[in-house]
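Single-structure report; data block below.
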Amino acid sequence: MSQDSNAGLWSVRRPRETLHGVNLTSGIPAPPSTLKRQSTIGTMGTGHGRSLSGRQSLALPRPSQPLFQRSSDIGLGSVKRASVHNMNTSQFKPYGTPGSSGIPRSSQELDRRSSVYRPSARPSAVGGGPLAGGHMSFFQQAPQPAGVPRDPRPLKDRQFQNRIGQELLEYLAKNNFEMEMNHKLSDNFTKSPTQKDFNYLFQWLYHRIDPSYRFQKNIDQEVPPLLKQLRYPYEKSITKSQIAAVGGQNWSTFLGLLHWMMQLAQMLEGYARHQYDDACMEAGVDIAGDQIIFDFLTSAYQDWLNMDDEAGDEDVERALQPHVQGMAEAFERSNAKYIQELEILEGENARLLKEIQELEKSTPDPAILDNHFKIMEEDKIKFEEYNTLAMQRTEKYENRIQVLREELGKLHVELKEAEEERRQMQKSVDDQGISMQDIDRMTSERERLQRSIESASQRLEDVKKKVAEREMEASQRLDELERLVEKYNTVAYQIGLIPATAVNAKGKNLELQVTVNEGTPNFASSMQGVLGPNGQPLGGVENERLLADSTTGYQPAHILNLDLRGQVKNTFLALRKEVSERRKVAMDVMMEDHDLLDRAKEAIEDKRNEVEALGHRVRAAEEEYEKTKEVTNAQKMASDAQIEKMEKELAKMRAQLSESVQLMEQREMNTNIEYEQLTLRANALREELHTETMRMLNDVIKFKMHVQRSLEEYETFVADELEQELGIDDQEMEDEDTPMADV
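Residue numbers (this note's numbering): 5 to 747.
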């Protein structure tokens, strides 16, 4: 096929990977004049190879990927990504670079991908062609189902058309479409545009995607292959006849196409502006380093490709030094925020470590805290026991208060009865007509009796106070006795006297217990002589802690359950005697150990004295050694001087002898140098011939692979064209059959 028929298939250039990216469709043999390296700008659109020279790629090594045959590499390899080099676009100035106007016309013609085979001056080290296999794309689309796919967008809906048309107009106005294309859209563009409007819109939008592409043919021939390259999902539903006559019923289809191209251009612009970096950061992926490396590779690799093959390593390093410096500065700027965060975290870490040290210093020893905790636990248990006993006493006091209140109520009733009786007696006295003398006498008698009662009451109060004091003293003595009994039981438990199964108890129960009634001392009711209903004093025996019964207290021998002076004392004396015997035996053993220790100390002291004596002998030997060493060194220096003198004489003799041999050695060296030069020239000539032979073989192999790929792509292209024509014919036949069926 000719160059013009397939020129639109290769507008979007691929990254330099392997030779399978060379997608040429020509079957015409290449003339010998084309088998050379073209300009670096023109070869970017052709096969990607590496030079046979010793200069290797300076790009970072690519990670190994599985080698699969990529179905999109044949005929559609240019859609992998947008162009990374802005070529001269003098026909379309807004998309050209400032430095692109200086490229000659011949270079511009070579920029467009030609069907003429061009062997690359840089063959790939990975391998080429479909035979070597291609990298499986991560964005590989699944094979589309057979037939024409259905567009799910409601393109026939007027509201949807108005919305996407308005979005398209806003995008055009925002990016200066009319100024760049020098064309004004029709007023009713969104509903019935002109063919010229569509042509300019398509060209402008496609240049937003691929700025380096130039339209050279009719629009109906340019659009289908470009849509296939862009992988427009519904490109099969668009025919050349529809493209040549845009408008009417099919305008909604092309409006959807233009809107899709606008969205694709917006996506590429957002990617170039790093618009999606925030989403990557939110997802936990840091792409700052990848962007810096990608920018470095893009710029450095382009400069490396533009260099001559004869450039040396120093030229390469000098050309790439600005890019390396820029990448280093970019990494420093990127790492600045991490360094700042690291400094903040280090400061926080130092502050926390300081707080930990201060807390460790201010916190008491854990052993002391554990000891205090154990003491507090013991105090807690004792307090709970005391609290339980106090609660029991409180209940008893409340019961006693209730009894006293009942007694007080009875006394109030008796008082009222006495008052009533007194009034009755007063009334009866008045009725009897007693004289004043009798009343005075009775009053005097009553006063005397009253004084006697008061005197008796006073004596009773004194007796009660004395009894209360004795009761208080007895209670204190009893509490002290209980504490002593508790202390005795604690110490006895510690030394193994209780319980009866303890080591030192020997089967005897030596635990003391206070055998008294529960409750608190109360002699009030017994002293007042107030009796209850059963004839006993109020309160009962159970409430009289210090009384064995209502009238008798405890005997000293009855308060404790054991005989302290008899059984307990004898047991303690026997235990003390036994402990004294064991202590005596332990003291004897300890004295023997002390004697043994003293003997060991004496032996150690003797050995230490021997060591000191040996040390003196060692120091004397060292002094003698130093003296001997000095004498030996002096003798050695004298010998060295004599040897040096003899060596000088020997060197003089050798120089005299070598003068006669020097001429012969010179002639031998000249002969060897001439022989080496001849050998190097022969090797260089052999290497040059070998390199030329390998280059010719590589060119032949590449040309053969080019022919094979061209034939395969031509077969694929013919098959696609045949399928399209058969699909159109089938559709037309179905359209013809439908009216006939209706008839």
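Quick reminder that beta carbons are idealized off the backbone N, C-alpha and C, glycines included.
- Three or more beta-carbon pairs separated by less than 8 Å are not found between the segment 362–379 and the segment 308–316, which leaves the two stretches without contact.
- As far as DSSP is concerned, Val593 takes part in no beta bridge.
- Assigned with DSSP and collapsed to three states, Val518 falls in strand.
- In this structure, the beta-carbon distance from Leu564 to Leu516 falls below 8 Å.
- In this structure, the straight-line span from the alpha carbon of Asp567 to that of Arg450 is close to 58 Å.
- Shown here for Tyr175: same chain residues with a beta carbon closer than 7 Å to its own, the five before and five after excluded, namely Met266 in chain order.
- His327 counts as buried, since no fewer than 16 other beta carbons sit within 10 angstroms of its beta carbon.
- Excluding five sequence positions before and after Asn339, none of the CB atoms of its chain fall closer than 8 Å to its own CB.
- Residue burial annotation: Gly260 is buried, with at least 16 other C-beta atoms found within 10 angstroms of its C-beta.
- Contact check for His278 against Gln253 fails: the beta carbons are separated by 8 Å or more.
- Partner residues in the beta bridge of Leu564, as assigned by DSSP, are Val518.
- The three-state reading of DSSP puts Thr243 in coil, since its state is none of H, G, I, E or B.
- Taking a C-beta distance under 8 Å as the contact criterion, Ile213 and Leu272 qualify as a contact pair.
- Ser448 sits exposed, since fewer than 16 C-beta atoms from the chains shown fall within 10 Å of its C-beta.
- The continuous alpha helix (DSSP H) containing Val433 extends over residues 370–436.
- One thing to note: Tyr236 has its Cβ no nearer than 8 Å to the Cβ of Pro153.
- Here Phe258 is near Phe202, since their CB atoms are less than 8 Å apart.
- Burial is judged here by how many other beta carbons sit within 10 angstroms of a residue's own beta carbon; Pro368 has fewer than 16 and is exposed.
- Per DSSP, reduced to three states, the secondary structure at Pro228 is helical.
- Less than 8 Å divides the Cβ of Val520 from the Cβ of Leu482.
- Shown here, Asp312 sits in coil according to DSSP, grouped into three states, outside any helix or strand.
- In its chain, beyond the 5 residues on either side, no residue has a beta carbon closer than 7 Å to the beta carbon of Arg355.
- Counting along the chain, Gly260 sits inside the alpha helix (DSSP H) bounded by residues 255–276.
- Between Tyr217 and His211, the gap from beta carbon to beta carbon is short of 8 Å.
- By the beta-carbon neighbour count (other beta carbons within 10 angstroms, threshold 16), Lys706 is buried.
- The straight-line gap separating the alpha-carbon atoms of Glu653 and Arg322 is approximately 56 Å.
- The alpha carbon of Gln225 has as its nearest neighbour, out of His620, His694, Lys244, the alpha carbon of Lys244.
- For Ala506, the CB contacts under 8 Å within the same chain, skipping 5 residues up- and downstream, are Tyr497, Gly500 in chain order.
- Nearest C-alpha to Asn186 among Ser256, Gln170, Trp208: Trp208.
- Asn508 carries a coil assignment under DSSP once its states are collapsed to helix, strand and coil.
- Contact annotation: Ser256 and Lys160 have beta-carbon atoms nearer than 8 Å.
- Rounded to the nearest whole angstrom, the CA to CA distance from Pro158 to Asn166 is 12 Å.
- In this structure, DSSP gives Ala249 a state outside helix and strand, which the three-state scheme calls coil.
- Judged by DSSP in its simplified three-state form, Lys160 adopts coil rather than helix or strand.
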